[in-house]
Structures are given as structure tokens and as C-alpha cells.
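Taking UniProt numbering, the leading residue of the sequence shown gets 1, the next gets one more, and so forth.
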Amino acid sequence: MADKQHAPRFVAICEAASARVPHTTKEAVKARLDAGEAVPLVDVREESEYAAGHLPGATHLSKGVIERDIEKTFPDPDAELILYCGGGYRSALAADNLRTMGYTNAISLDGGWRHWTDAGLPTEG
Numbered sequence: 001m002a003d004k005q006h007a008p009r010f011v012a013i014c015e016a017a018s019a020r021v022p023h024t025t026k027e028a029v030k031a032r033l034d035a036g037e038a039v040p041l042v043d044v045r046e047e048s049e050y051a052a053g054h055l056p057g058a059t060h061l062s063k064g065v066i067e068r069d070i071e072k073t074f075p076d077p078d079a080e081l082i083l084y085c086g087g088g089y090r091s092a093l094a095a096d097n098l099r100t101m102g103y104t105n106a107i108s109l110d111g112g113w114r115h116w117t118d119a120g121l122p123t124e125g
């Protein structure tokens with residue numbers, strides 16, 4: 001998860017959510033993109049973060065609205081959705097909530113945007 005210093009109770013709920021959701025890695029996502037696969041990436045960061053740069057082909061649904069808007073954006077609750085944020089906390093929370101809503105294949109990207117860009121992987125925006 002993220003390397004930043006966060007409040008202890010926030011970290012606790014994020015770690016609990018993270019334990020309930022599956023994860024994937026930047027390497028796995030990059031391999032799928034390299035193979036030409038349409039990877040279902042969902043950026044849960046704020047609009048300003050998304051506008052400054054995002055993973056290739058990512059759909060933006062910020063943590064603040066994802067639960068409200070997910071059904072019209074991704075109506076199939078069995079669809080794979082790989083969520084990412086800045087470091088892994090918000091995506092774990094969002095994936096956990098989506099799984100509670102019946103989205104059985106909501107996955108969190110380990111390390112999020114920070115690990116992706118630190119590795120020099122491609123971005124858009």
C-alpha cells in the first residue's frame with residue numbers, strides 16, 4: 001500500500017478492506033496492455049489527479065462517486081474492474097465497497113499510480 005503517513009484509523013480501515021479484496025500488480029497489468037488486451041482500469045483518484053495523468057485507457061470514477069455511478073458506467077457486476085489510486089488505499093476501499101454491491105471481480109492495483117510511474121510505465125493525459 002501507500003508509503004505516505006496517514007492517520008492510524010484510516011490505515012486500519014484500508015488494511016481491513018485490502019484484506020478482503022484481490023490484488024494485481026503493475027507487472028501483470030503492463031503485460032496485459034503489451035499483449036493488446038483491453039484492460040478494465042478504473043482510476044478512483046480525484047479529477048485533478050486524473051487530469052494530470054492516468055494509466056492508458058483508464059476510466060475515471062473518483063472514490064467520491066464510484067458507488068453512485070458504477071452501475072451506469074459498468075452495468076455488468078461480473079465484469080473485471082482493476083481499480084487504482086495514488087498508492088493503494090482508496091482503491092482497496094472502493095473495491096471493497098463495489099464487492100459489497102455485488103461487483104464480484106473488483107480488484108485493487110498494488111501501489112497504484114505511484115508504483116506505476118516510479119517504474120517508468122506508460123501514462124496518458
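The beta carbon of each residue, even a glycine, is placed where N, CA and C say it ideally should be.
With a beta-carbon spacing of about 5 Å, S108 and V21 fall inside the 8 Å limit used to define contacts. Nearest to K26 by C-alpha distance, out of I66, P75, L55, L98, is L55. For L98, no beta strand (DSSP E) encloses it; the enclosing alpha helix (DSSP H) starts and ends at 89-100. Per DSSP, D43 is one residue of the beta strand (DSSP E) stretching across 41-43. Close CB contacts of G112 within its chain, under the 7 Å cut and outside five residues either way in sequence, are with Y84, C85, G86, G87, G88, S91 (chain order). Leaving aside the five residues that flank L121 on each side, the residues in its chain whose CB is nearer than 7 Å to its CB run, in chain order, K26, K30. Bounds of the beta strand (DSSP E) holding Y84 are 81-84. For S18, the enclosing alpha helix (DSSP H) stretches over residues 8-20. Judged by DSSP secondary structure, A106 falls within the beta strand (DSSP E) whose first and last residues are 106-109.
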